[in-house]
Amino acid sequence: MRLSQNPRDLSSKSITRRRAPIRVFLRPTLWFIGHFEILHVDRQMGLCCSKPDIKDEESEHHVEFGAGNVHLITTKVAWDQKLEEARSDGKIVIANFSATWCGPCKMIAPFYCELSEKYPSLMFLVVDVDELSDFSTSWDIKATPTFFFLKDGQQIDKLVGANKPELQQKITAMADSLVPDRH
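All residue numbers for the sequence shown refer to our numbering, where the first residue is 1372 and numbers rise by one.
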């Protein structure tokens, strides 16, 4: 019996060539899943909550909280303190419920930090749904990122998903609502 050397001949008597894995060469490290190599992105909250391990001056993702007005909430006590601070300062709170493994959360994090710098009259919070799972559950988080807009501790608006134009529109409207009428 003679076996075909043509990889397109898929008969039962043929020898087929094994295909090489598809490779995606991105940094910093790769995961291997089946025949695919997939990028493992730094597991920090969108690279907005802390310095990344790699030094890359060109990356727009190298944003730190110190540069913006974003506060990482790690406890219920910290949440209560920030809400009280916002209430006493007359600020509206934008709370970003996100996760370190969430691609859209990582994508929107630098933009969220930029908005925090642009609108210092608002308070920007980040809550990791995995770190504060019970607390996040109490907010009925179904997807990440989910943004809550709070005034005096009460929800006044909500946005689910990493929709940059809609997030900017809502934040601009919130900031404008704090400006007294000039008439």
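Here a beta-carbon is modelled for each residue, glycine too, at the ideal position from N, C-alpha and C.
ask   = Using the C-alpha atoms, what's the distance from residue 1488 back to residue 1442?
value = Residue 1442 and residue 1488 have their C-alpha atoms some 12 Å from each other.
**Report entry** Whole runs of the beta strand (DSSP E) within the stretch 1495-1554, excluding any shorter than 3 residues
**Finding:** 1517-1522 and 1525-1531
Inset, instruction - Give the DSSP-derived three-state secondary structure of residue 1469 in the structure shown. - result: Strand at residue 1469.
### Query
Anyone know if the C-beta pair for residue 1499 and residue 1471 falls short of 8 Å?
yes
Q. Roughly how far, in whole angstroms, is the beta-carbon of residue 1542 from the beta-carbon of residue 1479, given that I think they are within contact range, below 8 Å?
A. Rounded, the Cβ-Cβ distance is 12 Å, inconsistent with contact.
**Prompt:** Exposed or buried, residue 1406, counting other C-beta atoms within 10 Å across all chains shown (16 or more means buried)?
**Reply:** Any reading at residue 1406 needs caution, since the residue's pLDDT is 39, under 50, leaving its predicted position unreliable; the model's value is listed next. Classification for residue 1406: exposed.
Practice item. Please list, in chain order, all residues of the same chain as residue 1539 whose beta carbon is under 7 Å from its beta carbon, the five residues on each side excluded. Key: 1486
Next item on the list: Report, in whole angstroms, the separation of the C-beta atoms of residue 1482 and residue 1512, which I expect to be a contact under 8 Å.
Entry: Rounded to whole angstroms, the Cβ separation of residue 1482 and residue 1512 is 20 Å, and the two are not in contact under 8 Å.
task: State yes or no: is the beta carbon of residue 1532 nearer than 8 Å to at least one beta carbon in chain D?
output: In the structure shown, chain D cannot be found, because there is only a single protein chain.
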